[in-house]
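The block underneath contains the structure these notes are about, expressed in structure tokens.
Numbering (this note's numbering), first residue to last: 8 to 69.
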């Protein structure tokens, strides 16, 4: 699966902050530059990452 757009931006931010807790507000502010978006956009981005990486949920934002 090829990642582009916001899912890859989300992944890059999470890699940059490895070992830290990244809040939903942080993701919205930094990946979407504070733009007014539906929270579902963030959910879709995280879901795309999970599908691409084949990772099971362990802890953190859901």
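Beta carbons are placed, not taken as given, at the ideal position from N, Cα and C, and that holds for glycine. Predicted model, so just to flag it, every value in this text is computed and none were measured.
DSSP places residue 15 in the uninterrupted alpha helix (DSSP H) bounded by 12-23. In this structure, DSSP gives residue 9 a state outside helix and strand, which the three-state scheme calls coil. In the structure shown, residue 46 adopts helical secondary structure according to DSSP, grouped into three states. Excluding its 5 nearest sequence neighbours in each direction, residue 52 has C-beta neighbours in its own chain below 7 Å: 13, 14, 17, listed in chain order.
Taken through DSSP and simplified to helix, strand or coil, residue 29 comes out as coil.
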